Structure formats: C-alpha cells, structure tokens
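Just so you know, the protein sequences line up as chains A and B, in that order. According to our numbering, the stretch in the first sequence is residues 17 to 169, in order. According to our numbering, the stretch in the second sequence is residues 2 to 714, in order. Glycine is no exception: its CB is placed at the ideal position from the N, C-alpha and C atoms. Predicted model only: the values in this text are computed from it and were never measured.
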Amino acid sequence: MPVYSLNINGKIQKVDADSDTPLLWVLRDNLRLLGTKFGCGVGSCGACTIHMNGNATRACLMTVSSIGTAKITTIEGLSAKGDHPLQLAWDEVDVPQCGYCQTGQIMTAAAFLKKNPKPTLEQVETAMNGNLCRCAAYHRIREAVLAASQKTK
Amino acid sequence: MEHTLHQERRDFLRKVSLSAGGLLLGFTLFEDLAAQTGKGHVIEGVRHDFNSYLSIAADGSITIASPNPELGQNIKTSFAMIVADELDADWSKVTVVQAPLDNSKFDRQLTGGSGAVPHSWKRLRTAGATARQMLIAAAASTWNVPASACTAENGYVIHKESGKKAGYGELVAIAAKMNVPTDVPLKNHKDFKLIGKPIRNVENKNIVVGKPLFGLDFYRDGMVYAVVQRPPAFGSKIKSVDDKAARAVKGVSDVVRFGNNVAVVASSTWAAMKGRKALEINYEPDKALESSSDHADIFSKLMDSPNARMQRKEGDVNAAFKGAAKVIKREYECPFVPHNPIEPMNFFADVRPDKVELIGPTQTPGSGRKAVADLLKIPENKITVDITRLGGGFGRRLKFDYVVEAAEISSIIKKPVKVIWSREDDMGGGSYRPAVRYRFEAALDANNNLIGYKLRGVGINAGNATRENNFPSGSVDNLLIESLDHNSPITTGAWRAPITNFLAYAEQAFLDEVAEAMGKDPMQMRLDLLQKARTNPAGPVRYDIDRMETVIKTVADKSQWGKKPGTSQGMSIYFSHASYVGQVCDVVMQDGKPVIKKITSVADCGVVVNSSGAQQQVMGGILDGMGTAMYGKLSFNAGEPEQKNFNVYRHIRMKGIPEVEAHFIDNGKDPTGLGEPALPPAGGAVANAIYKATGKRMYRQPFIEQEPFKTAE
C-alpha cells in the first residue's frame with residue numbers, strides 16, 4: 017500500500033492506505049482521530065467536516081491521494097484545550113443533545129467565522145445549512161455561532 | 002413533605018463498604034431486580050445487585066451511575082440532578098458515569114416511551130435524601146449534637162449553633178458504618194436547588210472536542226471490521242453469491258454468509274466497504290415485493306374490509322350518523338419514514354467459547370443480550386453489554402438486529418469484530434415508522450353538537466394504528482374506533498412517539514375541520530368537548546381533563562391566539578406518553594407562499610427536571626415533528642426503498658426554521674416524559690395554520706408534495 021505523508025493538526029503523519037481511501041476513514045481507522053464522524057459518506061450531512069487549508073471540507077469526499085501537502089485540521093486540532101470560542105459557546109448555550117454531529121457543526125462554523133467574523137443570522141443559517149442535526153438543535157447551534165461571533169475580536 | 006414508602010425503600014437501597022473508604026449506596030431503579038439477589042457484577046471491586054449507585058469518596062467527589070442509555074434525551078444529566086438535589090451536593094463535584102448492563106435481569110434499562118424519569122423520580126430522590134441523612138447523622142455523632150440541629154448545604158453538613166462545618170468527604174468514613182435509615186423525608190419542591198434549573202449537559206466538554214464517546218468510536222487492537230450486504234428489497238432472498246472479486250480486495254480477510262446476509266470482513270472499514278461493493282449476489286423473491294402503489298391499494302381494501310378490529314365502542318354510532326344533520330368524512334395518509342439517527346448502526350462483539358463481550362449503542366441492552374444468548378446458546382450471565390453514548394436513536398436502537406449480527410459474525414470468524422452500517426444500509430435496513438391511512442367521520446346534530454365519531458386506522462405492520470382512549474374519546478356519546486393491519490415483509494418499529502407521531506396530526510387536522518363545520522373556534526370546540534367529558538362522560542376518560550384544559554387555555558394566551566392580524570394560526574392539543582402538549586403555529590404569506598414563522602408550545606410534563614434540557618426536547622421534538630410532516634417520505638419500488646441517503650431523503654435543516662417558544666405548566670406534579678410528547682402535536686398545528694393561510698387542507702404527509710407547496714416549489 018502506498019504511504020502518504022499528511023499534514024494533520026500541524027504534524028506530519030505517515031499513513032499506509034489505498035489511494036482511494038476517503039480521508040474520513042484514514043483519520044478514524046489509521047490515526048484514531050475519532051472526533052471526525054461518519055454520517056452519510058456522500059457529503060450530505062456534514063458530520064465529517066474538517067478544515068483543508070482553512071476551508072470547511074467533507075472528509076468523506078476527499079481521497080487520501082488527493083490531499084498532497086494540504087493542511088488538514090480536525091476537531092482535535094481546532095484548539096489546544098477545547099477553548100475555541102465556538103467550543104466554549106457550545107457549552108454555554110448548552111447545544112448538544114445526542115452530540116454526534118456537533119464536531120462537524122463546530123468545524124463548519126469555525127471556517128465560516130474566520131471568513132465572516134460578524135455574520136447576520138441569515139448568513140449563519142446559509143453557512144450551516146449543510147450540517148444535519150437529527151436532534152434538530154438548530155436554534156441553539158445558531159445562537160452559539162452568533163454568541164461566538166460576538167466574542168471574537 | 003413527601004415520604005417514600007417503607008417497603009419500596011427497603012427493597013431498593015443497599016449500602017456497600019468500599020475498601021478505598023467512602024460511602025456507596027446502591028439502588029435499584031427497576032422493580033423486578035429486587036428478587037434477583039445473589040447475582041450481580043463487579044464495579045470497583047464490589048459485587049452488587051443494583052443497577053445504579055451513588056458513591057461519595059473521601060475527597061468529596063461524588064459519582065452517580067446512570068443506568069439508562071443516553072441518546073440525546075439528556076437523561077445522564079437529569080438523573081444526576083435529581084439525586085444531587087436531594088443530597089444537597091456541590092454540583093461541580095458530581096461526575097456521572099454510564100452504568101453497564103447489569104448481569105441480573107431487569108426490564109427498564111432501556112430508553113424509550115419517555116419513561117425513564119417518571120419511573121425513577123422517587124427512587125432517585127430517596128437515594129440522595131438517604132445519603133444526605135446518613136452524612137448529617139455522621140456529623141452529629143462526631144460533634145455530639147442532635148442531628149436535627151444540623152443542616153446540609155452544597156456538599157457540607159453545618160451545625161449553625163457552634164459554627165461547625167464538615168465536607169461530605171470528611172464524613173463518609175463514619176457514614177459508611179451507619180445503618181441505612183428508613184422513611185427518609187424528601188424535600189419540598191420549593192427547596193429544590195438544581196431541579197428546575199438550566200443545568201448544562203454533563204458531557205458538553207467531551208462532545209465539543211470530539212472525545213470518542215459513541216459506539217462507532219469504539220476501537221480495540223486486533224479487531225476487524227465488517228460490512229454486511231443484506232437483501233436490498235424486503236421480500237427477497239439470496240439465490241447465489243460470487244465472492245471471488247470481494248475476496249481479492251486488498252485488506253479483505255473473510256467473506257461469510259449467514260442467512261440472507263453476506264458479511265465482508267477486512268482490516269479497515271474502507272476495505273470492507275470496497276469488498277462489499279465487489280460482491281456479486283443474485284436475489285430472488287421470497288415474499289411479495291411491495292411498491293408504494295400496492296400500499297395505496299391495500300389501504301383502500303382495508304378501509305372497506307368488514308373485518309376490522311374494534312378498539313373502542315360507545316353508544317350507537319349507526320343511529321347517530323343516520324340521524325345526523327351534517328356528516329364530515331375525511332381520510333389522511335402518512336408514508337413510511339426511517340429513523341435516520343445520525344450515527345449509523347454499529348456494534349462491537351467479541352465472542353469467545355466461555356464469554357461474550359458486546360459494546361455499542363443500544364436502547365435495549367437487555368433484549369439484545371437475550372437474543373445473542375439464544376442465538377449462540379450461551380447463558381446470559383456469560384455475556385456482558387457495555388453501553389456507549391448513542392448518536393441518536395428515535396426508536397431505531399430499540400431493535401437489536403445489528404447487535405445480534407455483530408455477535409454472529411464474531412462467532413463465525415472467531416475474532417473481535419466491529420460491524421458498521423453505511424447510511425444506505427441504515428436507511429434501507431427497515432424498522433421504519435409504518436405507513437398508515439386514517440378515516441375519520443363526525444356526525445353533527447342540527448345544533449352542531451358532535452353526536453357521533455368514527456375512526457378507522459389501517460396500517461402496514463402498524464399493529465393498532467389508533468389510540469382509542471385518547472381525546473376525544475370520553476366526550477362523544479356515540480363512538481367507534483377500529484383498526485386493521487396489513488402484514489408486510491417491510492419491517493417496522495417504534496419511531497419517536499410511536500403511532501401518535503402521525504395519528505395526532507390526522508386527528509388534530511380533522512378536529513379543526515369539525516370545529517369549522519360547527520362554526521366554532523377550534524380552542525373553544527375542544528374546551529366544550531372537555532366540559533362534556535367532565536359533566537357527562539361517554540365511557541372511561543383516560544386523560545386528565547383539568548390538565549388538558551389548562552394547557553389549551555395557556556397556549557391560547559401565550560400564542561396570542563386570534564389576536565395577531567396578518568398571521569394565520571393553527572392549533573393542536575395532544576396527550577401522549579403521559580404529558581399534555583398544546584401548540585399554536587403562526588403562518589404568514591410571503592410572495593404568495595405560506596411561511597411557518599413561529600410555533601408556540603405549552604407542555605404539562607409535571608415538574609421540569611432540567612429547564613435547559615426540557616427546552617431542547619421541546620424545540621427539537623417540534624422541529625422533528627414539523628420536518629417529518631413537511632418532508633418525510635420513504636417510498637418503495639418492488640420491495641426496495643427509493644431513498645437511501647440524505648441527498649435524496651429530506652430532513653429539516655437550519656435554513657428557515659420557525660421561532661419556537663416553549664412554555665411549561667408549573668403544577669408540581671411528578672414528572673412525566675418529555676422525549677416524545679412535544680413531537681406529535683406539531684404536524685397538526687402546522688397543517689391547520691397552512692389551511693388558515695391558504696385554504697388548503699393537508700390530507701397527506703409529506704405536505705411538500707401537496708398544494709400549495711407543490712405548485713409553489
């Protein structure tokens with residue numbers, strides 16, 4: 017199997033995987049970075065959202081061979097101590113119900129707020145619409161994104 | 002002040018001495034465990050025969066074990082809050098752990114039916130209050146003062162007179178030597194310090210950093226991965242299997258057939274998925290390969306069938322309809338819908354000759370273990386089940402097919418294995434909310450009184466698709482409720498608020514039409530019927546008239562019912578899973594389309610344990626109910642589901658969600674469930690508001706396929 021050198025959370029990780037293996041399964045099975053979740057495998061739920069060069073990307077749609085030298089950030093690399101403004105807001109607003117989709121929600125929101133630090137409610141809704149929450153905690157997800165945007169300088 | 006019964010208390014509380022020091026009170030939350038003495042398994046080196054416990058260590062840290070599976074209903078937090086409140090614990094020192102399935106048999110270690118809190122309310126409180134009393138007694142004996150002069154507060158026992166104060170941790174060694182007191186008083190509700198407050202989910206900090214809490218996150222060195230090909234169409238079976246190409250896929254170690262399933266076992270999830278794709282399997286029909294068009298015909302036949310099962314009958318329905326001045330007859334239909342918990346089905350199994358280990362997300366650990374025991378002919382006490390956090394359930398994980406599957410594969414390949422379902426496997430894998438059709442008939446006399454009411458519910462594997470004792474039963478003198486079921490190869494199961502999740506929509510939409518025919522306001526019409534049930538009931542009344550009436554009046558008030566010019570409002574009121582929920586939906590027309598702006602909800606679920614969690618359950622339940630009514634549909638072609646992933650099956654998403662306002666009735670009654678009851682009324686309130694705005698009645702789900710949405714989309 018080919019060996020790929022991936023830049024993940026600021027570290028170069030060598031992984032042995034078939035070229036067509038989705039990044040999602042490399043993260044989970046090879047590297048045990050388990051915060052990136054499997055939900056649909058077709059890019060329709062957002063549970064596997066990671067950052068690729070700062071852009072919110074579905075890890076289930078990216079093959080390991082296509083990553084090259086791109087910088088990958090997973091939820092484990094979003095903050096050192098779980099204290100990214102969004103992570104704090106998620107706790108303060110008490111967002112999670114089952115919690116499974118929330119890491120993907122946070123990753124989508126983090127990339128979005130970087131580009132648009134003071135969004136309107138409508139912009140938040142548009143940015144977050146691709147992330148499914150089966151518990152439908154949407155009101156609080158929206159509230160937490162807006163709360164974090166208020167605190168981001 | 003409330004007291005718990007002597008008998009009950011004695012049966013369920015046990016004290017265990019800890020070698021490391023500290024106090025451990027074990028308690029049984031499940032009635033039938035009391036008889037199962039002598040069995041038990043080991044926690045912290047202690048054999049026990051309880052399924053929940055409260056332990057206080059010498060450093061003052063408190064551990065509470067929650068036995069019920071957590072799937073987002075927030076039970077882990079709520080359970081602990083109830084115990085900690087009576088204990089007067091310092092909440093910041095409380096840790097909550099998930100208890101594994103106990104080796105003794107008990108019935109209620111499951112999550113479903115909104116039953117966990119109601120079942121355990123008094124027991125959890127008594128456990129906390131008992132420990133508190135023991136700690137107070139320990140302090141009193143140390144200080145040589147009467148226990149009655151001591152109080153407990155935020156993790157300390159205090160003797161006001163002398164100013165003495167001791168933390169719980171300092172007292173546990175003495176408390177652990179005391180007998181467990183009986184007849185312990187419980188707090189007055191006004192003295193609750195945690196119950197009723199917005200307490201954050203105890204798992205938040207782990208969730209937001211992606212800690213491996215869920216079943217799919219469980220990995221063990223040496224385990225293999227399995228993906229299973231099941232028959233794609235309900236009613237088909239395997240004719241032949243060619244697994245040559247699958248075996249040639251790199252990483253695939255095994256291909257095993259069991260029943261009508263073929264498992265591909267590999268060294269990674271992706272290799273297993275690729276191997277599965279390379280399988281060549283021919284199927285042949287085994288039973289009827291039903292399509293959605295067949296179901297429509299089946300429904301029509303059942304509607305005319307003379308063989309309906311009578312669920313409830315009052316008075317003389319035929320005479321009432323014969324003598325009626327006006328008859329209203331309407332049919333409503335709801336399709337199959339999948340549960341689609343966001344974490345697909347998965348389970349870990351390690352089957353050895355002498356023991357079996359099962360780990361994963363399940364709502365019914367006990368039933369899964371029994372099924373595995375039956376399949377493998379291994380005694381249940383050789384099987385352990387560890388419950389991970391569940392990435393949603395909605396009833397899907399009450400079924401344990403995927404648990405048994407994992408055990409079967411492990412027993413064949415003799416390796417620890419994790420079975421993973423893809424989304425397509427999950428959405429195509431059955432156990433759906435059944436499809437149903439309802440026919441409602443109402444007879445009005447010349448004065449517009451409701452004198453006759455008929456309901457026939459017909460379903461596909463729905464069992465009894467009616468709830469014959471729900472409102473308006475008890476308020477109509479002549480009433481007939483019937484059900485009929487078609488036995489189909491398509492498997493069905495409980496879906497969040499089973500039956501009522503679609504029955505409530507149909508019933509509340511129908512009553513709206515009846516009120517209109519009567520020339521009455523729909524709120525007033527229901528209040529009049531409740532008054533009739535109170536003063537002159539027709540047969541048994543199985544709901545609390547006062548509570549329902551209060552909810553109706555409160556929701557009318559909170560929603561400014563009838564006082565919002567330019568807004569079209571629709572209402573519903575429903576009693577399910579022991580709670581009463583009224584909802585009003587506000588719709589406004591924008592660019593000629595109806596837009597759902599707001600849903601105001603009033604719930605009577607007795608005492609609200611966690612006001613933050615309760616808000617979540619209501620807001621999420623309403624959006625799920627509304628989204629499913631608007632968009633949910635799983636259709637079939639020759640036995641095969643036509644939607645298998647989120648790109649074609651539509652769930653509600655963030656864009657365009659209405660404002661939701663959740664209110665609660667504060668009546669101090671013992672808590673009832675909340676995971677389900679807010680969902681059923683949503684579809685009806687939405688349907689009635691859409692009618693008010695557009696003049697179009699919603700007779701079928703999903704609404705998106707009906708006018709005005711169909712033409713407007």
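Report the CB separation of residue i from residue j in whole angstroms; it is logged as a contact under 8 Å.
i	j	result
A:T90	A:N25	6 Å
B:V229	B:A267	With a Cβ gap of about 12 Å, B:V229 and B:A267 do not count as contacting.
B:C586	B:A686	4 Å
B:P366	B:V386	4 Å
B:M620	B:A688	That pair is no contact at about 20 Å.
B:V257	B:I410	6 Å
Rank the options by C-alpha distance to the C-alpha of residue i and give the top, closest one.
i	options	result
B:I500	B:V582, B:P681, B:I239 and B:N145	B:P681
B:I691	B:S53, B:S368 and B:K598	B:K598
B:G170	B:K198, B:P199 and B:L136	B:L136
B:G1	B:T64, B:Q74, B:N52 and B:I65	Nothing about residue 1 of chain B can be reported from this structure: the residues present for chain B run from 2 to 714 only.
B:F193	B:A153, B:R353 and B:K206	B:A153
B:R277	B:E425, B:I666 and B:V95	B:E425
A:N147	A:G115, A:N132 and A:W41	A:G115
B:K327	B:N69, B:V515, B:I57 and B:T64	B:V515
B:G657	A:V58, A:A160, A:H155 and A:P38	A:H155
B:P342	A:K131, A:F54 and A:E108	A:F54
B:S93	B:S149, B:E508, B:I200 and B:V173	B:I200
B:P523	B:L172, B:Q570 and B:K533	B:Q570
A:G98	B:G211, B:G593, B:A615 and B:V225	B:G211
B:G429	B:V649, B:E550, B:V459 and B:R497	B:V649
A:L22	A:G93, A:C151 and A:I88	A:I88
B:S241	B:A272, B:K521, B:T96 and B:L280	B:L280
B:V318	B:T143, B:D446, B:A436 and B:V352	B:D446
Strictly below 9 Å CB to CB, what residues from chain B border residue i?
i	result
A:M144	R654, M655 and K656
A:F128	Here the premise fails: no neighbours, minimum Cβ distance about 12 Å.
A:E159	Here the premise fails: no neighbours, minimum Cβ distance about 11 Å.
A:A63	I343, E344 and G392
Thinking C-beta only, is residue j closer than 8 Å to residue i?
i	j	result
B:S79	B:V610	yes
B:G475	B:F322	no
A:M123	A:T85	no
B:L72	B:L391	yes
B:P286	B:S636	no
B:I553	B:L528	yes
B:Q617	A:Q113	yes
B:R543	B:N470	yes
B:E344	B:L214	no
For residue i, which three-state DSSP category applies?
i	result
B:A455	The question names Ala, yet the displayed sequence has Lys at residue 455 of chain B. Reduced to three states, the DSSP call for B:K455 is strand.
B:P286	strand
A:Q139	helix
B:I705	helix
B:N471	coil
B:G41	Residue confidence is low: B:G41 scores 35 on pLDDT, short of 50, so the model does not pin down where it sits. Its coordinate-derived value is still stated next. Of the three classes helix, strand and coil, the one that applies to B:G41 here is coil, per DSSP.
B:W328	For clarity, residue 328 of chain B is Val in the given sequence; the question names Trp instead. Here B:V328 sits in strand by DSSP.
A:N71	strand
B:P589	Looking at the sequence provided, one finds Val at residue 589 of chain B rather than Pro. Residue state, collapsed to three classes: strand.
A:P18	coil
B:P682	helix
B:D91	coil
B:R10	Only weak support is given to the placement of B:R10: the predicted model assigns it a pLDDT of 43, under 50, and the question is left unresolved by the model.
A:D110	coil
B:L34	Its pLDDT being 31, under 50, B:L34 is placed unreliably in this model, and the coordinates cannot settle the point.
List, in chain order, every chain A residue whose beta-carbon is nearer than 8 Å to that of residue i.
i	result
B:Q617	D110, Q113, C151, A153 and R156
Determine the chain B residues that contact residue i at a beta-carbon separation under 7 Å, and present them in chain order.
i	result
A:E141	M655 and K656
A:C14	Residue 14 of chain A is absent from the structure shown; chain A starts at 17 and stops at 169.
A:Q103	V209 and V210
A:T37	W271
A:L50	G211, P213 and D218
Under 9 Å Cβ-Cβ, which residues of chain A neighbour residue i?
i	result
B:A620	For the record, residue 620 of chain B in the displayed sequence is Met; it is not Ala. A152, A153, Y154, H155 and R156, listed in chain order.
Which bits of chain A does residue i rub up against, with CB to CB less than 7 Å?
i	result
B:K206	G98 and D107
B:L624	A152 and Y154
Please list, in chain order, the chain B residues whose beta carbon lies closer than 8 Å to that of residue i.
i	result
A:V58	R424, N646, F647 and N648
A:I122	V209
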